[in-house]
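Trainee:
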Amino acid sequence: TKEEFLGENINMIMPPDVAANHDQYMKNYLSTGVKKMIGTQREVTARRKDGSTFPCVLGLSETRNFGLYCGFIRDLTAEKKAASEMRAKTNELVRNESIVLGILNACSNALF
């Protein structure tokens, strides 16, 4: 829930392999000032409370003068599913077009 998430480290929604590196990314930023993720958005895999994962866009911004960070997340599950379905439909149309062209070619050859 929103209440469980507010004020917590963003790594709570990351898979363990990514979460393990998150604190090091922040230490690097704080020591070098080089922003690699802050101020950008990136497609990543996030983890739900039940442990399942999902694709999302993650953005991170830094508040001025307070040393706080704000993460933004947008679930891409529906978009990824729609894109997959569109690819499947496109592939089906291409297969059907090949069949139709084959039939037309056979008919043309039979007539001439």
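Each number in this note's numbering comes from the position in the sequence shown (counting from 1) with 747 added on. All residues carry an ideal CB built from backbone N, CA and C; glycine is no exception.
(1) State the Cα-Cα distance for the pair residue 852 and residue 839, rounded to the nearest angstrom.
(2) Where does residue 779 sit, in a helix, a strand or coil, going by DSSP?
(3) Given residue 784, which residues of its chain have a CB within under 6 Å of its CB, disregarding the five upstream and five downstream residues?
(4) Identify, in the order they occur along the chain, each residue of the same chain with its Cβ nearer than 7 Å to the Cβ of residue 824, setting aside the five sequence neighbours on each side.
(5) For residue 799, report the span of its beta strand (DSSP E) as first-last.
(6) Where does residue 846 land, buried or exposed, given buried means 16+ other C-beta within 10 angstroms?
(7) Mapping DSSP to helix, strand and coil, what is residue 748?
(8) Rounded to the nearest angstrom, how far is the Cβ of residue 788 from that of residue 765, given a contact under 8 Å?
(9) From the DSSP secondary-structure annotation, give me the bridge partner or partners of residue 788.
(10) Does DSSP put residue 794 in a helix, a strand or coil?
(11) Do residue 795 and residue 761 have their CB atoms nearer than 8 Å?
(12) Under the rule that 16 or more other beta-carbon atoms within 10 Å means buried, what is residue 850, buried or exposed?
Mentor: In this structure, then:
(1) 20 Å
(2) helix
(3) 807
(4) 801, 802
(5) Unbroken run through residue 799: none, as it is neither H nor E.
(6) exposed
(7) coil
(8) In fact, because the Cβ distance is near 16 Å, the residues do not count as touching under 8 Å.
(9) Paired residue(s): 806.
(10) strand
(11) no
(12) exposed
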